[in-house]
Amino acid sequence: MAETKVIGGSQDVQSNNLQKSRISLSRRQTELIAGLSAGFSTTVVTHPLDLIKIRLQLSIADINGANNKRFGSILGILNKINEDAVANYNKARLKPQQTRRGLEALNNYKSTHLVRQFYRGITPNLVGNISAWGLYFTLYAEFKSMITTGSSTINYFSSSTLAGISTSLLTNPLWVLKTRILASSRNDSKAYKSITDGVISILRKEGILSFWRGTIPSMFSVFQGSLQFTFYDNFKNYTQKRYETDQLTTAQYIYISATSKIFSMSIMYPSQVVRSILQNYEGKSKDERTIRSAVKHLWSKEGIRGFYKGISANILRVVPATCITFVVYESVKNRLTQLEKEETP
């Protein structure tokens with residue numbers, strides 16, 4: 006009996022050691038997993054609003070002035086999405102489906118085709134956001150630990166700026182593909198059919214450097230992220246000190262993240278519009294692909310309002326998106342940290 010207990014105890018020790026080895030994560034791994042989880046959750050929930058925002062940014066007021074009416078352009082975009090969904094639904098009913106039985110059944114519903122239209126371009130958006138947020142949170146934590154200054158505000162701003170520049174340069178090709186796919190309907194003759202089709206088309210017609218169009222305006226967006234993280238960490242530290250706690254509630258994370266995002270976005274939004282225009286310039290001459298030409302085009306066509314096209318849809322998108330991002334990030338990070346502490350003897 007004694008021998009049996011020893012063997013059982015040995016097995017328990019081995020099992021505990023195996024469990025510890027599975028849960029033990031480095032700080033980098035914790036940041037990466039939390040960032041990836043945040044990017045995935047945010048993209049899936051807010052992709053339809055992202056699609057509407059990009060199409061608004063790329064819209065030009067027509068001759069009849071339809072876009073001058075408040076929300077007129079939003080209704081036009083929604084009507085176009087609905088028309089495309091109906092057209093695809095009618096095509097699906099007329100031709101035999103060469104898909105799995107489950108997909109054949111789904112094709113018989115208009116709602117299926119409507120969802121597909123709203124989630125056009127979800128793949129590059131998912132890949133881009135998951136990669137970007139995973140890289141950003143990881144690099145942000147690394148730079149914060151590397152940079153030593155007497156001011157926490159300077160540390161937050163410089164760390165987030167360096168993380169943003171690095172992430173922007175690495176992921177810009179994905180944003181070019183995402184912008185062009187979301188800007189067009191599946192039924193458009195020149196629309197990219199897939200990521201692979203988009204990559205091949207850009208390489209053949211425009212060259213590899215086209216994947217980094219809009220990089221300079223993206224740098225302005227980096228400063229928006231820097232402002233956001235500076236606001237966020239300062240608000241977070243203030244709230245933690247005020248309530249004397251290291252772990253805030255979900256409601257507090259939502260309030261802090263939403264406030265920091267609205268402040269930073271209001272300051273830097275015009276750079277997003279210019280970036281979308283530059284990334285969508287396909288088949289244009291080099292003289293028409295510059296920041297100056299994009300700004301001149303916006304100003305001559307629509308004035309100052311042109312630089313804030315899509316901001317209403319963007320507010321509806323980024324506020325819940327930011328809240329989801331930071332709540333998921335902080336929750337996953339806190340949970341992983343808590344698991345590590347529970348398993349540490």
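Heads up, the sequence shown is in the numbering used here, so the first residue is 6 and it goes up one at a time.
By construction, the Cβ of each residue, glycine as well, lies at the ideal position given by its N, Cα and C atoms.
Pick from the options that is closest to residue i, judged by C-alpha positions
i: Asn113; options: Leu175, Thr264, Tyr124, Lys96; result: Lys96
i: Ser190; options: Asp89, Ala263, Arg32, Leu30; result: Asp89
i: Leu131; options: Ile205, Val50, Leu119, Ala263; result: Val50
i: Pro275; options: Arg247, Gly219, Asp251, Lys246; result: Gly219
i: Asn84; options: Gln122, Thr48, Arg98; result: Gln122
i: Thr158; options: Leu140, Phe234, Gly126; result: Phe234
i: Arg269; options: Ala299, Thr327, Gly308, Leu283; result: Sequence inspection shows Ser at residue 269; the Arg mentioned does not correspond to that position. Here the closest residue by C-alpha is Thr327.
i: Leu253; options: Lys266, Ile267, Asp238; result: Asp238
i: Phe312; options: Lys115, Gln277, Leu341; result: Gln277
i: Lys266; options: Lys246, Thr295, Ser226; result: Ser226
i: Asp193; options: Ser298, Asn339, Ile205, Ala92; result: Ala92
i: Arg322; options: Val300, Trp304, Ile309, Ala263; result: Ala263
i: Thr117; options: Pro129, Thr128, Arg98; result: Arg98
i: Tyr260; options: Pro325, Ser173, Ser171; result: Pro325
i: Ile320; options: Ile272, Thr244, Thr143, Leu341; result: Ile272
For residue i, the three-state DSSP class (helix, strand or coil)
i: Ile282; result: helix
i: Gln252; result: coil
i: Leu232; result: helix
i: Asp193; result: coil
i: Leu63; result: coil
i: Thr330; result: helix
i: Lys314; result: coil
i: Arg218; result: coil
i: Glu211; result: coil
i: Thr51; result: helix
i: Lys198; result: coil
i: Leu30; result: coil
i: Thr35; result: helix
i: Thr184; result: helix
i: Thr295; result: coil
Nonlocal neighbours in the same chain, by C-beta distance under 7 angstroms from residue i, ignoring five residues either side
i: Ser231; result: Phe162, Ser165, Thr166, Gly169
i: Ile59; result: Thr184, Leu187, Ala188, Ser281
i: Gly44; result: Asn134, Ile135, Ala137, Trp138, Gly139
i: Asn160; result: Lys149, Ile152, Thr154
i: Pro129; result: Leu179, Leu182, Lys183, Ile186, Ile200
i: Glu8; result: Its pLDDT being 43, under 50, Glu8 is placed unreliably by the model, and the measurement read from it follows with that caveat. There are no such residues.
Close beta carbons around residue i, own chain, < 8 angstroms, minus the five adjacent residues each side
i: Pro178; result: Phe216, Trp217
i: Arg352; result: With the chain running from 6 to 350 in the structure shown, residue 352 is simply not present.
i: Ile82; result: Ile57, Arg60, Leu61, Ser64
i: Ile221; result: Ile296
Neighbourhood of residue i by C-beta, 6 angstroms cutoff - its chain only, sequence neighbours within 5 removed
i: Tyr258; result: Phe331, Val332, Glu335
i: Thr201; result: none
i: Ser46; result: Ile329, Val333
i: Thr176; result: Gly133, Ser136, Ala137
i: Val337; result: Ala39, Ser42
Exercise for the section: Could I get the ranges of all uninterrupted beta strand (DSSP E) runs contained in the segment 94-181, with 3 residues as the minimum, in chain order? Expected result: none
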